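Protein chains in written order, with this note's numbering: chain C, 470 to 850; chain L, 21 to 478.
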Amino acid sequence: MQRRGFLRSAALGSGALMVAPRLVLANVETERRFVFIIQRGAADGLDTVIPYADPALATLRGALGVGSQGMHKLDGTFALHPSLAGLSGLYARGEALFVHAVASPYRERSHFDGQNVLESGGASPYALRDGWLNRLTTLLPASREEAIAFAPTIPLALRGETEVASYAPSGLPEAPDDLLARVGDLYDSDPQFHALWASAMRTRELAQDAAKRQDPATVGRTAGGILARADGPRIAMIETSGWDTHAGQKSRLATQLRGLDTLIAALRERLGAAWADTTVLVATEFGRTAAVNGTGGTDHGTASAALLLGGAVRGGRVVADWPGLSAGALYEGRDLRPTLDLDGLIAVAAAESLHLDPERAMHTLFPGRPFNPNLAGLVGA
Amino acid sequence: MAASNRPSDVAIALNRFGLGARGNAPPGDPRAWLLEQIPSFEARPAAFASARTTPEIAREHAEDRADLTDLDPEARMEKRKVLRQRARALYRDEVGMRVTAALTTPAPFVERLVHFWSNHFAISADKPQVTALAGAFEREAIRPHVLGRFEDMLLAVERHPAMLLFLDQVRSVGPNSRRARRAAERGRRLGINENLAREILELHTLGARGGYTQHDVGAFALALSGWTVDGMGGDADETGAFRFRPQMHEPGPRTLLGRTYAEDGADQARAVLRDVAASEATARHVATKLARHFIADDPPPGAVDRLTAAFVSSGGDLPEVYRALIGLPDAWDARSRKFKTPWEWTISALRGLGRSEPGSAQVVALLNQLGQPTWQPRSPAGYDDVAGSWAAPEALVRRIEIALRLARPAGDRIDARERAPALLPGVLTERTQTQIARAESPATALALMLASPEFQRR
Chain C
470 MQRRGFLRSA ALGSGALMVA PRLVLANVET ERRFVFIIQR GAADGLDTVI
520 PYADPALATL RGALGVGSQG MHKLDGTFAL HPSLAGLSGL YARGEALFVH
570 AVASPYRERS HFDGQNVLES GGASPYALRD GWLNRLTTLL PASREEAIAF
620 APTIPLALRG ETEVASYAPS GLPEAPDDLL ARVGDLYDSD PQFHALWASA
670 MRTRELAQDA AKRQDPATVG RTAGGILARA DGPRIAMIET SGWDTHAGQK
720 SRLATQLRGL DTLIAALRER LGAAWADTTV LVATEFGRTA AVNGTGGTDH
770 GTASAALLLG GAVRGGRVVA DWPGLSAGAL YEGRDLRPTL DLDGLIAVAA
820 AESLHLDPER AMHTLFPGRP FNPNLAGLVG A
Chain L
21 MAASNRPSDV AIALNRFGLG ARGNAPPGDP RAWLLEQIPS FEARPAAFAS
71 ARTTPEIARE HAEDRADLTD LDPEARMEKR KVLRQRARAL YRDEVGMRVT
121 AALTTPAPFV ERLVHFWSNH FAISADKPQV TALAGAFERE AIRPHVLGRF
171 EDMLLAVERH PAMLLFLDQV RSVGPNSRRA RRAAERGRRL GINENLAREI
221 LELHTLGARG GYTQHDVGAF ALALSGWTVD GMGGDADETG AFRFRPQMHE
271 PGPRTLLGRT YAEDGADQAR AVLRDVAASE ATARHVATKL ARHFIADDPP
321 PGAVDRLTAA FVSSGGDLPE VYRALIGLPD AWDARSRKFK TPWEWTISAL
371 RGLGRSEPGS AQVVALLNQL GQPTWQPRSP AGYDDVAGSW AAPEALVRRI
421 EIALRLARPA GDRIDARERA PALLPGVLTE RTQTQIARAE SPATALALML
471 ASPEFQRR
């Protein structure tokens, strides 16, 4: 009895944990907005956009499968997880498009390497040192303000040539202006500290009204409020984590997806009219095994699902060259097989959202990777 | 050797290898000072006098929860709240002990190595049990082996309940084991969880590109099946101990990484661990991380080669690797300096202010604010060891706010004009000295010292 209790509360604890999302913003001169939401930890695409009509699914997922109850049916093949009621509403309005069996060029199963490929835009881990989201900003005229990270550190996707500042509400007593001025003098001759300090001081005023809390609804509202401003930034990245569901996936994923749904609803609400000019892309480093593992979870896999949301998205459809889940169709006999390139999807979605040339965006964001013209038409003008 | 007595060498020994100076007499011979710490290190110093063992903590945890199911929903919720608070209090105590050890140790180089290995074999205190066991994990699996052989530390780490719980190993069951077959008769499907096997190969030993395949991960996970944590009510003495359960182990021999391992129960995975511990890829992976920690974010390849060679030729004898590290000219290059992580900066600041215990510093909250809560990297890869992850604008502002908060109580006891050159011999710049001398108050002067680029690097 005791042992079961000891282990059960381990699973409960991880299920209750919704790791706080973090927000990063960048400024460019355009009226369009582009938001990249990364799901760190390899989100399970098969449980997000569920291929309920695939005959192999029930066998693979067993008790882990959500079953037909509460699923939001999208078409004759796919349904959304019950936690995604808000996204299902967007789909009905034609403002959500789901892409399945999609993967970055990375084919191993390390989170850290997989996230490095997803964020850097390289063909292999550590091939590039800056991030594709930072390179995206170089394709647009810079505006007055620099990029802002609402996090104590900058994620790789936004590191690079364009200067990025960061802000995170600290709840600490602020240092007096006199000390700040003296520190400025102290850092003048040290290039690294000088640059960090200069950007910290520029960000400080902008961030006065930023939310103190980092729960999904607050992050969504904060991002929406800042992106909606006429003089605000136009590119944002939101980091979410907690998607690595090796055990207790059913309850953990339900919580994670509800958090994502809440975040997007809050973002859309606060954007108001600007939602019509906004595209939100949600993606993860790789998917999870097609079959449930021995502990009510799934292990590291390959292809997953990506979500494209926004007022200008040509939604109401699922884009997938569906490979199927039969034993012979699985990648290496265990994972959803990738049939679409995630980098190509990102390039076309970002380019169409921001009125850039997709092919040029592809070459800048993902150098050396194949451009996929068939993806055209994800986002309307 | 005159070169080893350069003031900047003293600063490097104190700050890059050590945990920061405390303002007392600097070591005469920096290299000798580091080497002397190896035989004198105490695995269990006084700071941990009140610390409890994993079985003690786990037993209490199990007992606390034993009667939860008997309570009505409201009382259960209330009790859960109390238990959560108790777990947080335990975690705070554990962090406090770790900080006290870091502030008072006579062997700060070896203490730093404890922190290094603890982050290499990272667990994350996100699940309640792991929160409760994080301190015990470091005390029991890392500290006793920091001056031993890599293989022994590896074995201690992978068998520790905190790791087995964190990486979901405890319920991993071989699909053809007795337990799985019995469950199948009752319509329940049990099976393998490959999380621990993968992270051992990717993070703890061979490294992400260490030449293993998905097949190797799968086979290793089968070899590990049956490795779990005891918590049975029948024999409560063993609650929270490593336990091999043969009925959960996948029968049969395993072939992975080019070798075949006979069916040997618990020893099957142990044999795999021994082999991967001795692999050259592991030596190189560990050498690269040590060089990154002690030399530069992009470690010089020659330094990595020499550390790898020391690891291989000594059979993973860690003191031999540390001696090779101290002997590397690259490690004493005053130009390549590391940006301190929040933990490193906080510890060195408290040491620099002469503190012997965290006291009112509320280190847990402080490290949360700085973005590096202790034992909580939220990822089995541990915290990053490069400037790019920590040198962010807002992080800098927070350090300055905290510097002032730490400096205020010390302002009337410590003169920063004297303390700064003692902490940073040979590396303190004229500009910082001038700013410190011009500060509006003694506390501001100390805050500027802790905020200076020289102090924030090691």
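Yeah, the Cβ is synthetic: ideal placement off N, Cα and C, and Gly gets one too. Note that the structure is a prediction, hence the values are computed from the model and not measured.
(request) Tell me, to the nearest whole angstrom, how far the beta carbon of R783 of chain C is from that of G846 of chain C; I am working on the premise that it is less than 8 Å. (result) The sequence position of residue 783 of chain C within the first sequence is 314, counting from 1. The sequence position of residue 846 of chain C within the first sequence is 377, counting from 1. Confirmed, about 6 Å.
(message) My output table needs one value for A217 of chain L: the three-state DSSP class, helix, strand or coil.
(response) Numbered from its first residue, the second sequence carries residue 217 of chain L at position 197. DSSP places A217 of chain L in the helix class (H, G or I) of the three-state scheme.
(request) For my contact list, P807 of chain C and V568 of chain C are in at a C-beta cut-off of 8 Å; report their separation, rounded to the angstrom. (result) The sequence position of residue 807 of chain C within the first sequence is 338, counting from 1. The sequence position of residue 568 of chain C within the first sequence is 99, counting from 1. About 11 Å separates the two Cβ atoms, so there is no contact after all.
(message) Contact criterion: CB-CB distance below 8 Å. Does L553 of chain C meet it with respect to chain L?
(response) The residue you call residue 553 of chain C lines up with position 84 of the first sequence. False, the Cβ-Cβ gap to chain L never drops below 8 Å.
(message) Counting only Cβ pairs nearer than 7 Å, list the residues of chain L close to S573 of chain C.
(response) Indexing the first sequence from 1 puts residue 573 of chain C at position 104. For a Cβ distance threshold of 7 Å, nothing in chain L lies close to S573 of chain C: the least Cβ distance comes to about 15 Å.
(request) Could you pull out every unbroken beta strand (DSSP E) segment of at least 3 residues lying fully inside the region 653 to 736 of chain C, listed in chain order? (result) The DSSP assignment places 704 to 709 as complete runs of the beta strand (DSSP E) inside the region 653 to 736 of chain C, in order along the chain (cut-off: 3 residues).
(message) Taking 8 Å as the threshold (beta carbon to beta carbon), is A819 of chain C in contact with chain L?
(response) In the first sequence, counting from the first residue as 1, residue 819 of chain C sits at position 350. It does not: the Cβ of A819 of chain C has no partner Cβ on chain L nearer than 8 Å.
(request) Look at the alpha carbon of E205 of chain L and the alpha carbon of R199 of chain L, and state the distance between them as a whole number of angstroms. (result) Within the second sequence, residue 205 of chain L is the residue found at index 185, counting from 1. Within the second sequence, residue 199 of chain L is the residue found at index 179, counting from 1. When only Cα atoms are considered, E205 of chain L and R199 of chain L end up about 10 Å apart.
(message) Let me make sure I understand the geometry here. Which of C:G793, C:V749 and C:S579 has the alpha-carbon closest to that of F547 of chain C?
(response) Reading the first sequence from its first residue, position 78 is the one you call residue 547 of chain C. Ranking C:G793, C:V749 and C:S579 by Cα distance to F547 of chain C puts C:G793 first.
(request) Name the residue from L:E76, L:I77 and L:K99 whose alpha carbon lies nearest to the alpha carbon of D87 of chain L. (result) Mapped onto the second sequence, residue 87 of chain L falls at position 67. Checking every option, the nearest Cα to that of D87 of chain L belongs to L:K99.
(message) According to DSSP, simplified to helix, strand and coil, what is G253 of chain L?
(response) Position 233 of the second sequence holds residue 253 of chain L. Any reading at G253 of chain L must be qualified, since the residue scores a pLDDT of 41, below 50, and its modelled position is unreliable; no value is offered.
(request) Just tell me which of L:A52, L:G43, L:D188 and L:R42 has its CA closest to the CA of D29 of chain L. (result) For the purposes of this step, residue 29 of chain L is identified with residue 9 of the second sequence, where counting begins at 1. When only C-alpha atoms are compared, the closest one is L:A52.
(request) Please confirm if V652 of chain C has its CB atom under 8 Å from at least one CB of chain L. (result) Reading the first sequence from its first residue, position 183 is the one you call residue 652 of chain C. Yes, its Cβ sits closer than 8 Å to a Cβ of chain L.
(message) Let me check understanding here. Comparing Cα to Cα, which of C:E564, C:F503 and C:T731 lies closest to A686 of chain C?
(response) In the first sequence, the residue the question calls residue 686 of chain C occupies position 217. When only C-alpha atoms are compared, the closest one is C:T731.
(message) Beta-carbon within less than 6 Å of Y800 of chain C's beta-carbon, same chain only, minus the 5 sequence neighbours each way: which residues are those?
(response) Here residue 800 of chain C corresponds to residue number 331 of the first sequence, with the count starting at 1. The beta carbon of Y800 of chain C lies closer than 6 Å to those of T771 and R806 in the same chain, with the five residues before and after it left out.
(request) Under 7 Å between beta-carbons, which chain L residues line up against S658 of chain C? List them in chain order, please. (result) Walking along the first sequence from the start, residue 658 of chain C turns up at place 189. In chain order: R451.
(request) Compare the C-beta of A459 of chain L with all C-beta atoms of chain C and state if any pair is closer than 8 Å. (result) Taking the second sequence and counting its residues from 1, one reaches residue 459 of chain L at position 439. It does: the Cβ of A459 of chain L has a partner Cβ on chain C nearer than 8 Å.
(request) Would you please verify whether the beta carbon of V383 of chain L is less than 8 Å from any beta carbon of chain C? (result) As a first step, residue 383 of chain L is located in the second sequence; it is residue number 363 there, counting from the start. Using a Cβ-Cβ cut-off of 8 Å, V383 of chain L does not count as an interface residue toward chain C, since no Cβ of chain C sits closer than that to its own.
(message) Quick check on the burial criterion: 16 or more other C-beta atoms within 10 angstroms. Buried or exposed for Q267 of chain L?
(response) Against the second sequence, residue 267 of chain L aligns to sequence position 247. Exposed: under 16 other Cβ atoms inside 10 Å.
(request) In the DSSP assignment, find the beta strand (DSSP E) that holds A263 of chain L and state where it starts and stops. (result) Position 243 of the second sequence, counting from 1, holds the residue named residue 263 of chain L. For the record, residue 263 of chain L in the displayed sequence is Arg; it is not Ala. Per DSSP, the unbroken beta strand (DSSP E) holding R263 of chain L starts and ends at F262 to F264.
(request) Give a yes or no on whether the C-beta atoms belonging to D435 of chain L and P473 of chain L are separated by under 8 Å. (result) Walking along the second sequence from the start, residue 435 of chain L turns up at place 415. Walking along the second sequence from the start, residue 473 of chain L turns up at place 453. Their beta carbons are not under 8 Å apart, which means D435 of chain L does not touch P473 of chain L by this criterion.
(message) So if I threshold CB-CB distances at 9 Å, which residues from the region 299 to 325 of chain L count as touching chain C?
(response) Going along the region 299 to 325 of chain L in chain order, one finds no residue with a Cβ nearer than 9 Å to chain C.
(message) Please state whether the Cβ-Cβ distance between L446 of chain C and F503 of chain C is less than 8 Å.
(response) Since the first residue of chain C shown is 470 and the last is 850, residue 446 of chain C is not available in this structure.
(request) Give the DSSP bridge partners of W247 of chain L, in chain order. (result) For the purposes of this step, residue 247 of chain L is taken as residue 227 along the second sequence, with counting starting at 1. BP columns for W247 of chain L point to L:F264.
(message) In this structure, how does DSSP classify S773 of chain C when only helix, strand and coil are distinguished?
(response) Start at 1 with the first residue of the first sequence, and residue 773 of chain C comes out as number 304. In the displayed model, S773 of chain C falls within a strand according to three-state DSSP.
(request) Tell me whether F141 of chain L sits in a helix, a strand or coil according to DSSP, three-state version. (result) As a position in the second sequence, residue 141 of chain L is number 121, starting the count at 1. Correct three-state label for F141 of chain L: coil.
(request) Indicate whether the contact test is met: 3 or more Cβ pairs, each with one atom in the region 370 to 381 of chain L and one in the region 113 to 124 of chain L, closer than 8 Å. (result) With a cut-off of 8 Å, the region 113 to 124 of chain L and the region 370 to 381 of chain L count as touching, because enough Cβ pairs lie within range.
(request) Return the CA-CA distance between L825 of chain C and G558 of chain C, expressed in angstroms with no decimal places. (result) Translated into the one-based positions of the first sequence, residue 825 of chain C becomes position 356. Translated into the one-based positions of the first sequence, residue 558 of chain C becomes position 89. Roughly 29 Å separates the two Cα atoms.
(message) Which same chain residues end up closer than 8 Å to M117 of chain L when comparing Cβ atoms and leaving out the 5 residues on each side of it in sequence?
(response) Position 97 of the second sequence, counting from 1, holds the residue named residue 117 of chain L. A67, F68, S70, A71 and G155, listed in sequence order.
(request) Check the Cβ of T464 of chain L against every Cβ in chain C and list those closer than 8 Å, keeping chain order. (result) Along the second sequence, read from residue 1 onward, the residue named residue 464 of chain L stands at position 444. Proximity of chain C to T464 of chain L at the Cβ level (cut-off 8 Å) is accounted for by D647, L648 and R651, in chain order.
(request) Express the C-alpha separation of D582 of chain C and A735 of chain C in angstroms, rounding to a whole number. (result) Working through the first sequence from its first residue, we reach residue 735 of chain C at position 266. Working through the first sequence from its first residue, we reach residue 582 of chain C at position 113. So the two alpha carbons sit approximately 31 Å from each other.
(message) Short of 6 Å in beta carbon distance, which residues of its chain neighbour R428 of chain L, apart from the five on each side in sequence? Order them along the chain.
(response) The residue given as residue 428 of chain L occupies position 408 in the second sequence. For R428 of chain L, the CB contacts under 6 Å within the same chain, skipping 5 residues up- and downstream, are A463 in chain order.
(message) Whole angstroms are fine: how far does the CA of M469 of chain L sit from the CA of T753 of chain C?
(response) Taking the first residue of the first sequence as position 1, residue 753 of chain C is located at position 284. Taking the first residue of the second sequence as position 1, residue 469 of chain L is located at position 449. T753 of chain C and M469 of chain L: Cα-Cα distance of roughly 42 Å.
(request) Pull up the CB-CB distance for A459 of chain L and R698 of chain C, whole angstroms please, since I reckon it's below 8 Å. (result) Translated into positions along the second sequence, residue 459 of chain L becomes position 439. Translated into positions along the first sequence, residue 698 of chain C becomes position 229. With a Cβ gap of about 39 Å, A459 of chain L and R698 of chain C do not count as contacting.
(request) Taking only the alpha-carbon atoms, compute the straight-line gap between L223 of chain L and F141 of chain L and give it to the nearest angstrom. (result) Here residue 223 of chain L is taken as the residue at index 203 of the second sequence, counted from 1. Here residue 141 of chain L is taken as the residue at index 121 of the second sequence, counted from 1. Each residue's Cα considered, the two are about 8 Å apart.
(message) Rounded to whole angstroms, what is the Cα-Cα separation between R26 of chain L and G446 of chain L?
(response) Taking the second sequence and counting its residues from 1, the one referred to as residue 26 of chain L is at position 6. Taking the second sequence and counting its residues from 1, the one referred to as residue 446 of chain L is at position 426. Between the C-alpha atoms of R26 of chain L and G446 of chain L there is a straight-line separation of about 8 Å.
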